[in-house]
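Enquirer: If you want the working numbering, it's the position in the sequence shown, counting the first as 1, plus 1.
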Amino acid sequence: MSFIVNAMRVLFVVPYVPNLIRVRPYNFIRHLARRGHHVTVLTAWTDERERADIEHLRAEGLEVRAVRLPRWRSLANCLGALPTAVPLQAAYCWHPALVSEAALEGLEPDAIHVEHLRGAWYGLALKQWRRRFQAHVPIVWDSVDSISLLFRHAAARSGRLVSRWITRFELGRTERYEGWLTRQFDRVLVTSRADREALLGLGSPGRPLTAGQDTPDLRVIPNGVDLEYFSVDSDVAREPATLVMSGKMSYHANVTMVLHFTRAIFPRIQARQPDVKLWIVGKDPTPEVRALAQDPAITVTGTVTDVRPYLQRATVAVAPIAYGVGIQNKVLEAMACGAPVVATPQAVSALELETGRDAMVAETPETFAETVVGLLQDPGRRAAVGQAGRRYVEAHHAWASIAARLEETYHGIPAYVG
C-alpha cells in the first residue's frame, strides 16, 4: 500500500453503484483510498444486488452515501427529457436526494469527481453547492467515453433496428449537450485520445471550439485492469480449440459483435477446424444471442459469478467489435489472464500495443478467421502472444499507476474563481 504526503478528501459521485463490472469507478475509489485519501462515494442503487455491492464497498472501509433510484423514476426522467434539449442519457440517473443538504451534510471535500454523462447533472448541482467554500474545490467530470461518438457509430452500424433508431434520435442533442458540458467543469477526463478528439470537435450551440482560452481542459486517463484478480492460472489447462467472447450481452455493440462473428466468421473457422467451440460469456443475453446455443458448438452462459475461469481456460479470446468507444475492458481482462487475443482494429484502437506481438488484429471476416485458425494450430505462437499480452497490461494498465495519474489530475487544476 502506498501513502502520499498530502491526503485529500475526495467526493466521488457515481450515478450507478461501482462494482466488478463497472471497473473504472470501482478501481478509482479503491486505489485512491489505498493511497491514503479519504473517499466519500455518492451513488444510486436500483436493486438488492446493487445494494449488496454498496455493503461490499463499506466493508472495504469506504464511506458510501446512497439513495434508491427505482426504475420508474429513471423512466419518468426520460419521459420528462423527451421534449427538451437534454439527452435521455443525461436525465436517466437523476435523483435530487443524492445532492440534497442531508446527503452532503458535513462534507468538506478537497476535490469533487463526477462520473459519466449520466452523472453530469450531479456535477452541475455541486457547482452551486461548492460556492460555500472559500477554498478552491475543483470539480472533475469523467466523461469516460464520448457517448455521441458511440451513437454516431451505432446509428450506422448497429445490427439491431431499435438501437439504430434510438441512437439516431439521441445523436444531435447528445452532441450539443456533451459539447456544452465540456466547458462546465474544471477538468474533463476520457479514456482514449479518440474520445478526447471527438469531444473537442463538438463545440456547443453558437460557440465552436477554438484554440486558446475557450478550449476545454480534456485529459486522457485510460482504463486499467486488476492484475491480481485477472491473472494467469498455471494450474488450469486450456481447453482445446475453444474460443471465448465476453461482455454484457444485452449491450447493442456486443450483440452486434456476437451476431457478426457467428454469422460471418465462425463458420469459416469451423470449415478449417471442425472441432472448434465457442463460449459466449456475459449477463443478460438477448433472445437472438440465446438462440445461438442451438448450435452444439456454441455455449451461451448468461450471467456468471466469475468470468476468469472462461478466460483462463479458452484457447483464444476473440473481440470482433464492429464499433465502440473508449477502452474495451474485455480485451484487457483476456490479456491479463494470458489468453491470446484476436481483435478488430476498432477493439484495440485505444491501446498502445504492438499488433502481431501483444495481440493479433484482423479486420475482414476472411482474415479474422484465418488468424484464429493460425493460432489454434500453433501452440508456440499462442503462448507467445498470450505472454506478450500479459506483459503489455502489466506495463500500461495497472490500476495503481492509473490512480496515481488521477491524483495528479486533482492537484494540477488551476484555482477556481466564483
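Glycine included, each C-beta is placed from N, C-alpha and C at the ideal position. Just so we're clear, the structure is a prediction, and the values are computed from it rather than from any experiment.
Would DSSP call Glu64 helix, strand or coil?
Expert: Stepping through the sequence shown from its first residue, residue 64 is reached at position 63. Looking at Glu64 - three-state DSSP - the assignment turns out to be strand.
Enquirer: For my contact list, Ala67 and Ala91 are in at a C-beta cut-off of 8 Å; report their separation, rounded to the angstrom.
Expert: Here the question's residue 67 lines up with position 66 in the sequence shown. Here the question's residue 91 lines up with position 90 in the sequence shown. Not quite, the Cβ-Cβ distance comes to about 21 Å (not below 8 Å), so this is no contact.
Enquirer: Just grab the DSSP bridge partners of Ser247 for me.
Expert: As a first step, residue 247 must be located in the sequence shown, where it is residue number 246. Val282, per the DSSP bridge assignment.
Enquirer: Kindly indicate which residue of Asp234, Met9, Ala103, Asn28 has the alpha-carbon position closest to the one of Val15.
Expert: The residue given as residue 15 occupies position 14 in the sequence shown. Closest option to Val15, Cα to Cα, is Asn28.
Enquirer: In the structure shown, what three-state DSSP assignment does Ser402 receive?
Expert: The residue labelled residue 402 in the question sits at position 401 within the sequence shown. Helix, per DSSP.
Enquirer: Rounded to a whole number of angstroms, what is the C-alpha to C-alpha distance between Arg383 and Val301?
Expert: Position 382 of the sequence shown, counted from the first residue, corresponds to residue 383. Position 300 of the sequence shown, counted from the first residue, corresponds to residue 301. Whole-angstrom Cα-Cα distance: 24 Å.
Enquirer: To the nearest whole angstrom, what separates the beta carbons of Val374 and Val343, a pair I think is in contact under 8 Å?
Expert: In the sequence shown, the residue the question calls residue 374 occupies position 373. In the sequence shown, the residue the question calls residue 343 occupies position 342. With a Cβ gap of about 10 Å, Val374 and Val343 do not count as contacting.
Enquirer: When burial is assigned at 16 or more other CB atoms within 10 Å of the CB, is Thr1 buried or exposed?
Expert: The chain is shown only over 2 to 419; residue 1 falls outside these bounds and no answer can be derived.
Enquirer: For Thr211, I'd like the list of residues in its chain whose CB is within less than 6 Å of its CB, leaving aside the five on either flank, ordered along the chain.
Expert: For the purposes of this step, residue 211 is identified with residue 210 of the sequence shown, where counting begins at 1. With a pLDDT of 46 at Thr211, under the threshold of 50, the predicted position of this residue should be treated as unreliable, though the coordinate-derived value follows. So the list is empty, once near-sequence residues are dropped.
Enquirer: Where does Thr41 sit, in a helix, a strand or coil, going by DSSP?
Expert: Walking along the sequence shown from the start, residue 41 turns up at place 40. Thr41: strand per DSSP, three-state reduction.
Enquirer: Assuming Asn224 contacts His398 under a Cβ cut-off of 8 Å, what Cβ separation, rounded to an integer in Å, is found between them?
Expert: Residue numbering aside, residue 224 sits at position 223 when the sequence shown is read from its first letter. Residue numbering aside, residue 398 sits at position 397 when the sequence shown is read from its first letter. Going by Cβ atoms, the distance from Asn224 to His398 rounds to 7 Å, so yes, they are a contact pair.
Enquirer: Would you mind working out which of Tyr17, Ile222, Thr85 sits nearest Glu171, comparing C-alpha positions?
Expert: Looking up residue 171 in the sequence shown gives position 170. Measuring from the Cα of Glu171, the nearest candidate turns out to be Thr85.
Enquirer: Give me the Cα-Cα distance between Leu99 and Arg25, rounded to the nearest whole angstrom.
Expert: In the sequence shown, the residue the question calls residue 99 occupies position 98. In the sequence shown, the residue the question calls residue 25 occupies position 24. Near 21 Å, if we compare the C-alpha coordinates of Arg25 and Leu99.
Enquirer: May I ask you to report which of helix, strand or coil DSSP gives Trp181?
Expert: Taking the first residue of the sequence shown as position 1, residue 181 is located at position 180. Three-state DSSP puts Trp181 in a helix.
Enquirer: Helix, strand or coil: how does DSSP classify Val394 here?
Expert: Numbered from its first residue, the sequence shown carries residue 394 at position 393. Three-state result, Val394: helix.
Enquirer: What whole-angstrom Cβ distance do Leu89 and Ala82 have, given they're in contact under 8 Å?
Expert: For this step, residue 89 is matched to residue 88 along the sequence shown. For this step, residue 82 is matched to residue 81 along the sequence shown. Yes, Leu89 and Ala82 are in contact; Cβ-Cβ is about 6 Å, under 8 Å.
Enquirer: Consult DSSP for Thr316 and reduce its assignment to one of helix, strand or coil.
Expert: Position 315 of the sequence shown, counted from the first residue, corresponds to residue 316. It is coil, neither helix nor strand.
Enquirer: Compare the Cα-Cα distances from His261 to each of Arg358, Arg188, Pro217, Thr345 and report the closest residue.
Expert: Taking the first residue of the sequence shown as 1, we reach residue 261 at position 260. Checking every option, the nearest Cα to that of His261 belongs to Thr345.
Enquirer: Could you check how far apart the C-beta atoms of Ala363 and Phe369 are, in whole angstroms? I think they sit under 8 Å.
Expert: Start at 1 with the first residue of the sequence shown, and residue 363 comes out as number 362. Start at 1 with the first residue of the sequence shown, and residue 369 comes out as number 368. The Cβ separation is near 4 Å, so the contact holds.
Enquirer: What's the C-alpha gap between Phe4 and Ser232?
Expert: In the sequence shown, the residue the question calls residue 4 occupies position 3. In the sequence shown, the residue the question calls residue 232 occupies position 231. Low confidence applies to Phe4: its pLDDT is 44, below 50, so where it sits in the model is not reliable enough to give any reading.
Enquirer: With distance defined between alpha-carbon atoms, name the residue in Glu49, Val237, Arg10, Leu21 nearest to Arg36.
Expert: Walking along the sequence shown from the start, residue 36 turns up at place 35. It is Arg10.
Enquirer: Return the CA-CA distance between Ile30 and Trp166, expressed in angstroms with no decimal places.
Expert: Here the question's residue 30 lines up with position 29 in the sequence shown. Here the question's residue 166 lines up with position 165 in the sequence shown. In a straight line, the C-alpha of Ile30 is about 36 Å away from that of Trp166.
Enquirer: Inspect the beta-carbon positions of Leu228 and Val394 and report whether they are closer than 8 Å.
Expert: Residue 228 sits at position 227 when you count from the first residue of the sequence shown. Residue 394 sits at position 393 when you count from the first residue of the sequence shown. Cβ atoms of Leu228 and Val394: closer than 8 Å.
Enquirer: Judging by CA-CA distance, which residue of Cys79, Gly357, Tyr123, Cys338 is the nearest neighbour of Tyr230?
Expert: Residue numbering aside, residue 230 sits at position 229 when the sequence shown is read from its first letter. With distances taken between Cα atoms, Tyr230 lies closest to Cys338.
Enquirer: Assuming Ala112 is part of the alpha helix (DSSP H), what are its boundary residues?
Expert: The residue you call residue 112 lines up with position 111 of the sequence shown. Looking at the DSSP string, Ala112 is not in any alpha helix (DSSP H); the run it does join, the beta strand (DSSP E), is 112–116.
Enquirer: To test your reading of the DSSP string, which unbroken alpha helix (DSSP H) runs of 4 or more residues are found completely within the stretch 9–38?
Expert: Those alpha helix (DSSP H) runs which fall completely within the stretch 9–38 and span 4+ residues are 24–35.
Enquirer: Note down the Cα distance separating Ser247 from Cys79, rounded to an integer number of angstroms.
Expert: Start at 1 with the first residue of the sequence shown, and residue 247 comes out as number 246. Start at 1 with the first residue of the sequence shown, and residue 79 comes out as number 78. Approximately 29 Å between the Cα atoms of the pair.
Enquirer: Can you round the beta-carbon distance between Arg406 and Ile222 to whole angstroms, since I take them to be within the 8 Å contact cut?
Expert: If you number the sequence shown from 1, residue 406 lands on position 405. If you number the sequence shown from 1, residue 222 lands on position 221. About 6 Å; that satisfies the 8 Å criterion.
Enquirer: For Val87, I'd like the list of residues in its chain whose CB is within less than 8 Å of its CB, leaving aside the five on either flank, ordered along the chain.
Expert: The count along the sequence shown starts at 1 and reaches residue 87 at position 86. For Val87, where only same-chain residues beyond five positions count, the Cβ hits under 8 Å are Arg174, Tyr178.
Enquirer: Closer than 6 Å by C-beta to Ser149: which residues in its own chain qualify, once you throw out the five before and the five after it? Chain order, please.
Expert: What you label residue 149 is simply residue 148 of the sequence shown in a count that begins at 1. The residues are Thr175, Glu176, Glu179.
Enquirer: For the structure I just gave you, are there three or more beta carbon pairs, one from the stretch 288–296 and one from the stretch 253–270, closer than 8 Å?
Expert: Contact holds: three or more Cβ-Cβ distances are below 8 Å.
Enquirer: Per DSSP, which one or two residues make a beta bridge with Arg220?
Expert: Counted from its first residue, the sequence shown places residue 220 at position 219. Answer is Leu190, bridged to Arg220.
Enquirer: Can you say whether Gly207 is buried or exposed, counting buried as having 16 or more other CB atoms within 10 angstroms of its CB?
Expert: On the sequence shown, position 206 is the one that residue 207 refers to. With a pLDDT of only 48 at Gly207, under 50, the local geometry of the prediction cannot be trusted, and the value read off the model is given with reservation. Classification of Gly207: exposed, given that the 10 Å Cβ count is below 16.
Enquirer: Report the rounded CA-to-CA distance for Trp73 versus Trp95, giving the unit in angstroms.
Expert: To locate residue 73, count along the sequence shown from 1; it is residue 72. To locate residue 95, count along the sequence shown from 1; it is residue 94. About 12 Å.
Enquirer: Which first and last residues belong to the alpha helix (DSSP H) in which Ser149 is found?
Expert: The residue you call residue 149 lines up with position 148 of the sequence shown. Where Ser149 is concerned, the enclosing alpha helix (DSSP H) stretches over 148–158.
Enquirer: Could you check whether the stretch 322–335 touches the stretch 265–277, counting it as contact only if at least three pairs of C-beta atoms, one from each stretch, sit closer than 8 Å?
Expert: The stretch 322–335 is not in contact with the stretch 265–277.
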